[in-house]
Amino acid sequence: MSCAISYYLLFVFPGCRLLAVELTSSNTKPVVQEFQSVELSCIIKSTVTPDPRIEWKKIRDGETSYVFFDNKMQGDFATRAEILSRTSLVIKNTTRMDTATYRCEVAAPSDTKTIDEINIQLTVQVKPVTPRCVVPKAVPVGKTASLHCHENEGYPKSTYSWYRNSEPLSPDTKSNTKFQNSSYSLNPATGTLVFHAVHKGDTGRYSCIATNDAGFAKCEEQEMEVYDLNIGGIIGGVLVVLAVLVLITLGICCAYRRGYFANSKETGESYKTPAKPDGVNYIRTDDEVTNDLHLTSLCSGEEEGGQRTTSFFRACRLS
């Protein structure tokens, strides 16, 4: 009966909320820099329950975990968090991993509306680290030059600005008379600076600064030199190389003509007929057969009246 009357009173008199637990917060989107302390405000606006149950939960990347449960801090919050003013949560030494949604839940059994909750979105900002800058050392006149600057630790994401000789380069070249003759494009989100056609005036010391809401960081200055192409020297060098190649070719031709690269020619005395391997049958001509018969008859003494000379005996031995 009392419940029915309570619901009737709430419906008829919407301003009457004494029997319903209600929460509020002084700041639902607190922002803090890394390693500092932060208070997540959760205030009980109204309740009749003398000792309501308080719980805090953390929601990050779709996963929910307890921060405060059963009147105790949970996990790594046990050493760096505490409850303040009955329901608020204080986190000390915040880290980037504390960035998340935190839910304050209050259960009041004696109230008509027994449960209420409120979400607090905590953002932990992280200062940028020293960005990595890439600057070409030397670029010929008229060529494209790309300069890069990046760091990946800062939160929120950093934006980038470039400096030449300590003078800031504006994204709009027309806004600064010093850079009106330069042809470049600057992307603050990616940190890329591109000179489409460098000229001698682009020579200088370049540096980059990464900035976000938590702070900034700067890389060291790096020198970029813009030099003129020596067209005459390049042509002269090519001609010298061609001349050397021509001289080498003529020298090789002369050496061939004079026989420096030819094989030694066999003389009549040094030349010997290759011996015929044993066990190989050769077809002999009629002249070879006639000469062998004639020599055989001489060696056997059948030749009439012939005197046997030294040449004769040598021929016999060779046969």
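Read left to right, the sequence shown gives residues -20 to -1, 1 to 299 (mature numbering (1 follows the signal peptide of the UniProt record, and there is no 0)).
All C-beta atoms in this analysis are idealised placements derived from N, C-alpha and C, irrespective of residue type, glycine included.
All values reported here derive from a predicted model rather than from experimental measurement.
Taking Cβ to Cβ, would you say residue i is nearer than 8 Å to residue j?
i      : j      : result
Thr81  : Gln101 : yes
Pro111 : Glu85  : no
Pro116 : Tyr140 : no
Gln13  : Cys113 : no
Leu69  : Ala58  : no
Ala194 : Gly134 : yes
Ser187 : Glu200 : yes
Phe48  : Ile63  : yes
Judging by CA-CA distance, which residue of the options is the nearest neighbour of residue i?
i      : options                           : result
Thr92  : Asn51, Glu43, Ala235 and Val1     : Val1
Lys37  : Leu20, Pro30 and Arg144           : Leu20
Ile189 : Gly181, Lys198, Thr183 and Asp182 : Lys198
Pro10  : Ile24, Thr172 and Val18           : Val18
Ile95  : Lys52, Glu203 and Lys25           : Lys25
Thr8   : Arg83, Gly42 and Ala58            : Arg83
Leu209 : Arg144, Ala118 and Arg66          : Ala118
Leu185 : Val220, Ala177 and Glu147         : Per the sequence shown, the amino acid found at residue 185 is Arg instead of Leu. The shortest Cα separation from Arg185 among Val220, Ala177 and Glu147 belongs to Glu147.
Asp56  : Asp50, Thr67, Thr74 and Arg66     : Thr74
Lys123 : Gly231, Ser90, Tyr207 and Ser45   : Tyr207
Ser6   : Thr67, Gln54, Ile228 and Tyr46    : Thr67
Exposed or buried, residue i, counting other C-beta atoms within 10 Å across all chains shown (16 or more means buried)?
i      : result
Glu249 : The pLDDT assigned to Glu249 is 49, lower than 50, so where the model puts this residue is not dependable; a value taken from the coordinates is nonetheless given after this. The residue is exposed, with fewer than 16 neighbouring Cβ atoms inside 10 Å.
Cys129 : buried
Pro30  : exposed
Lys52  : exposed
Phe15  : exposed
Lys245 : Its pLDDT being 48, under 50, Lys245 is placed unreliably by the model, and the measurement read from it follows with that caveat. Exposed, since its Cβ has fewer than 16 Cβ neighbours within 10 Å.
Pro108 : buried
Cys22  : buried
Thr4   : exposed
Tyr164 : buried
Asp78  : buried
Ile34  : buried
Pro151 : exposed
Ala235 : exposed
When you compare only the Cα positions, how much space is there between residue i and residue j?
i           : j       : result
Thr247      : Gly239  : Note that Thr247 scores a pLDDT of 48, beneath 50, so its modelled location is shaky; the value from the coordinates is reported in the next line. Distance between the alpha carbons of Thr247 and Gly239: 16 Å.
Leu149      : Thr170  : 15 Å
Lys137      : Asp182  : 29 Å
Val28       : Leu(-2) : 6 Å
residue 300 : Leu127  : No information on residue 300 is available, as it lies outside the stretch -20 to 299 that the chain covers here.
His179      : Val226  : 39 Å
Val174      : Cys233  : 53 Å
Ile71       : Asn99   : 16 Å
Arg76       : Asn145  : 35 Å
Val121      : Ala177  : 7 Å
Phe293      : Thr229  : Summary for Phe293: the model assigns pLDDT 49, below 50, so the residue's position carries little reliability, and this model does not support an answer.
Start and end of the beta strand (DSSP E) containing residue i?
i           : result
Asp96       : Ile95 to Gln105
Asn167      : Tyr164 to Asn167
Arg185      : Gly184 to Asn192
Pro108      : Note, Pro108: premise wrong, no beta strand (DSSP E); not H, not E.
Leu209      : Leu209 -> no beta strand (DSSP E), and no H or E assigned at all.
Pro120      : Ala118 to Pro120
Thr4        : Glu2 to Thr4
Gln16       : First-last for Gln16: undefined, no H or E at that position.
residue 319 : It is not possible to answer for residue 319, since the shown part of the chain is limited to -20 through 299.
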